[in-house]
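S.K.:
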Amino acid sequence: MIISILSADKNYGIGKKNGLLFSLPLDMKFFRTTTLNHVVAMGENTLLSFPNSKPLKNRTHIVLSGDSTHNYEGVINVHTFTDFLNKIKEFSLKEDIYIIGGASIYNQMIPYVDEVLLTKVDEDGGAEVFFHNLDEDPNFECIEEGEPLDDNGHIIRFTKYINKKKVNI
Numbered sequence: 401m402i403i404s405i406l407s408a409d410k411n412y413g414i415g416k417k418n419g420l421l422f423s424l425p426l427d428m429k430f431f432r433t434t435t436l437n438h439v440v441a442m443g444e445n446t447l448l449s450f451p452n453s454k455p456l457k458n459r460t461h462i463v464l465s466g467d468s469t470h471n472y473e474g475v476i477n478v479h480t481f482t483d484f485l486n487k488i489k490e491f492s493l494k495e496d497i498y499i500i501g502g503a504s505i506y507n508q509m510i511p512y513v514d515e516v517l518l519t520k521v522d523e524d525g526g527a528e529v530f531f532h533n534l535d536e537d538p539n540f541e542c543i544e545e546g547e548p549l550d551d552n553g554h555i556i557r558f559t560k561y562i563n564k565k566k567v568n569i
């Protein structure tokens, strides 16, 4: 399966200044445990936003950079969206793939994902970049919605959406 995993504010905002909107320890733990020992696929800026711009431990990384001179150590480097899709398809035959950002990658991958694991934050984070509004898209259905939780002073809900009209890669 191909699964997008992210958090968003009540306006589907997901980031500003190449960073997250909120510090959410429960959400980060969910992200870590869910993606551990799996393949994560992302754009170059997402990789650069990690501590020391290094890959996350115990995961295989597919990184799309539009600049063919940008090749990062410890990741699978691809330089076109077509190559990105082909690499995801190759790995998805064997295991789940997690799409982890940024906004451009999330939004380009919307037709191809089976599921979206979305942590909803019940406030406005002042975002500069936004995710696709799943609640307004008839192709997506929320099939799980957790109880409200306090995460570092923010009210969050873990949700799962399925894509009813998935496009195969």
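If you count the sequence shown from 1, you need to add 400 to reach the working numbering. A virtual CB, placed ideally from N, CA and C, is assigned to each residue, including glycine.
Report the option in I405, G474 and V516 whose CA atom is closest to the CA atom of K429.
M.R.: By 1-based counting over the sequence shown, the position of residue 429 is 29. The option with the nearest alpha carbon to K429 is I405.
S.K.: Comparing C-alpha positions only, which one of S468, I556 and N452 sits nearest to D427?
M.R.: Residue numbering aside, residue 427 sits at position 27 when the sequence shown is read from its first letter. Closest option to D427, Cα to Cα, is I556.
S.K.: With which residues is V529 paired in a DSSP beta bridge?
M.R.: Start at 1 with the first residue of the sequence shown, and residue 529 comes out as number 129. For V529, which the question treats as bridged, DSSP gives the partners G415.
S.K.: Hey, out of L424, L493 and M442, whose CA is closest to G501's CA?
M.R.: Indexing the sequence shown from 1 puts residue 501 at position 101. It is M442 whose Cα lies nearest to the Cα of G501.
S.K.: When we look at the beta-carbon of M509 and count the other beta-carbons within 10 Å, is it buried (16 or more) or exposed?
M.R.: Against the sequence shown, residue 509 aligns to sequence position 109. With 16 or more Cβ atoms within 10 Å of its Cβ, M509 is classed as buried.
S.K.: Pull up the CB-CB distance for A527 and N411, whole angstroms please, since I reckon it's below 8 angstroms.
M.R.: Mapped onto the sequence shown, residue 527 falls at position 127. Mapped onto the sequence shown, residue 411 falls at position 11. The pair is a contact, with the Cβ atoms about 7 angstroms apart (cut-off 8 angstroms).
S.K.: For I569 versus Y498, is the C-beta spacing smaller than 8 angstroms?
M.R.: Along the sequence shown, one-based indexing puts residue 569 at 169. Along the sequence shown, one-based indexing puts residue 498 at 98. It is not a contact, given that the beta carbons lie outside the stated cut-off.
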